[in-house]
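Residue numbers (this note's numbering): 741 to 1363.
One structure below.
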């Protein structure tokens, strides 16, 4: 043993403080330290390191946390074990030397013990440089050991997760999510209106578009409102509702007529034209692009947008805004065409909007599904108004019914949750690797990304892997719930399920607890969309029955099997959709909504929101 190292260790061993709280176990200098002393001091180190952190965590979190004690306690245990093993080696070496002196050998039994060894004095270099370095080295080795153990545990947990996913045939990496390729001549997504949106390269310095001008044109395609004066603001200033069928409101074409007339740089409207004709005339400048879209939709039956899946959550989705805006344009045109009794053209515009929804159906991304839901709900405005005004004929009603019969929002939600699991896993991979994308990800997770960035950079990588596993397992639970529950009412609340599987105060799940709440209400959105689709199917079937029989039926089962395969079930509570005839010969048709309470066909107040936790009250009413 190096002489300086021996002296440093003996100076510690001779200090009374080193023996706390076991001072009575200290042997004479010429006797060796027993091995049991090592175990006692190792446990003592575990307590000294772990207890303060445990108490601090208790004060911050308001409860006891086992990891808050075990992790620092393990560091203390390893550090104390290493330190006192070296102390024991130095002490026992000196004890052996003292025991071998003639004075010790010649001492008779019962005589006084050998005199104590002289105090070890350290020179300045040993005291102020070598001694602190030795302490830091021991702590570094202990921390490295603990980090290694945690990293190994995380790697093994992730490997076990991947084995489970492979056994179930589920995707693991973003490349596994890629839909089958589509030839360009059959692909609606690669027409010139859309293709510039994805012609870019992701560089360390940012996004580089291949053709900036083409991208700008594609991004602004089908813009029919003046961005300086959006219609919503115009309608609000006039005290007029925007118009949405879930609120029982028609599109007010007269307000749209006034809106277009108020815009600068627009042709002078015909004062004698009807509101519908004026609106159609105001939208004429977009006809060239619409004709190109209509032609492509007829000749290209498939669609696959060239998304950059390898970018994970950084993947750009510029087509979402364009598709949503286009569906709103088609809604306005369809309603205006209905008002002019041009029902075939109105039907074509409505079906084109639904085709845009289908164009992103193969994207395993939550935002894609949510945009699809919005597009379908937007397209229903013209369907609903056409039913109210009894403008659709039998053939048109049957065509619309067939279009909505293909909607499977619950199945699609299960698919996109698997996609969210893969992209979430990619996020954790970025955290493990570090680098520039980490800052953006941290900004998504926490408001104060500086402190959280420090937390991410200094914790064991294995903790991130443990969060990755917890994140994936929780989404697997959500998929299982979705596939097993007979109705929305049978589902455990999203926040409650999150609390059951994720401890937001544990280092092994804290990151997952920050990422996952955004998905807590995903089930409700899927069930809500499913209820809308089934209401539309029933509403269209009722109109077909009226055309055939001259009246609406007394019960929904009268629609089976001629107009419906079966009586539509309300996905919110598992009971048949609520239906009854009114005294005027009309009908009421509604779903109970997400609160599962029958409010007898009472709609929520327009724009009403109850926050993220309480379910929205009121029924989802078709009529």
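Ideal placement from N, C-alpha and C gives every residue a C-beta, glycine not left out.
Check whether residue i and residue j have beta carbons under 8 Å apart
i	j	result
residue 1341	residue 1291	no
residue 1316	residue 1299	no
residue 954	residue 933	no
residue 1174	residue 1197	yes
residue 805	residue 1246	yes
residue 1162	residue 792	no
residue 987	residue 1274	no
residue 993	residue 1123	no
residue 876	residue 749	no
residue 786	residue 765	no
residue 1361	residue 1330	yes
residue 1045	residue 938	yes
residue 1158	residue 911	yes
residue 1047	residue 1055	yes
residue 1256	residue 1285	no
residue 1127	residue 1289	no
residue 898	residue 1209	yes
residue 824	residue 782	yes
residue 1232	residue 891	no
residue 770	residue 835	yes
residue 832	residue 772	yes
residue 712	residue 942	Residue 712 cannot be examined here, being either before or after the span of the chain that is shown, 741 to 1363.
residue 1104	residue 1155	yes
Residue i burial status per 10 Å Cβ neighbour count (16 or more: buried)
i	result
residue 755	exposed
residue 1177	Low confidence applies here, because residue 1177 scores a pLDDT of 49, under 50, leaving its location unreliable; read the following figure in that light. With 16 or more Cβ atoms within 10 Å of its Cβ, residue 1177 is classed as buried.
residue 1205	buried
residue 1131	buried
residue 762	exposed
residue 1100	buried
residue 1160	buried
residue 936	buried
residue 752	buried
residue 1350	With a pLDDT of 40 at residue 1350, under the threshold of 50, the predicted position of this residue should be treated as unreliable, though the coordinate-derived value follows. Classification of residue 1350: exposed, given that the 10 Å Cβ count is below 16.
residue 996	buried
residue 927	buried
residue 861	exposed
residue 868	exposed
residue 757	exposed
residue 1095	buried
residue 1311	buried
residue 846	Because residue 846 carries a pLDDT of 49, less than 50, the predicted location of this residue cannot be relied on, and the following value inherits that uncertainty. Classification for residue 846: exposed.
residue 871	buried
residue 1089	buried
residue 1239	exposed
Integer Cβ distance of residue i from residue j, believed to fall under 8 Å
i	j	result
residue 1125	residue 990	6 Å
residue 1333	residue 1166	The pair is not a contact, with the Cβ atoms about 36 Å apart (cut-off 8 Å).
residue 1151	residue 1109	Going by Cβ atoms, the distance from residue 1151 to residue 1109 rounds to 11 Å, so no, they are not a contact pair.
residue 1135	residue 1115	The Cβ separation is near 24 Å, so there is no contact.
residue 1303	residue 1271	In fact, because the Cβ distance is near 19 Å, the residues do not count as touching under 8 Å.
residue 1213	residue 1241	7 Å
residue 1339	residue 1314	With a Cβ gap of about 18 Å, residue 1339 and residue 1314 do not count as contacting.
residue 746	residue 830	5 Å
residue 1006	residue 1022	7 Å
residue 1121	residue 949	That belief does not hold up - the Cβ atoms of residue 1121 and residue 949 are roughly 34 Å apart, past 8 Å.
residue 1058	residue 959	6 Å
Best match in the options for proximity to residue i [C-alpha to C-alpha]
i	options	result
residue 1172	764, 895, 743	895
residue 1091	1079, 1051, 1058, 1138	1138
residue 975	951, 1002, 963, 958	1002
residue 1118	1067, 1321, 799	1067
residue 1170	1050, 1081, 1276	1050
residue 887	1088, 811, 1095, 1016	811
residue 1143	1005, 1276, 867	1276
residue 881	1265, 822, 807, 839	822
residue 1321	1008, 1363, 778, 779	1363
residue 1287	1309, 1133, 1243	1133
residue 1008	1259, 950, 1000	1000
residue 1308	774, 1141, 1106, 1243	1141
residue 1327	1266, 1294, 1345	1294
residue 1337	1266, 1229, 1254, 948	1229
residue 930	1032, 1156, 788, 760	1032
residue 866	1202, 743, 909, 1217	743
residue 1039	788, 1323, 878, 923	923
residue 1030	965, 1093, 1010, 1102	1093
Cutoff 8 Å: residue i Cβ touching any chain D Cβ
i	result
residue 1172	Absent here is chain D; the protein component of the structure consists of one chain.
Any non-hydrogen atom of the ligand NAD closer than 7 Å to residue i Cβ
i	result
residue 1363	With respect to small molecules bound, the structure shown includes none, and the ligand NAD cannot be examined in it.
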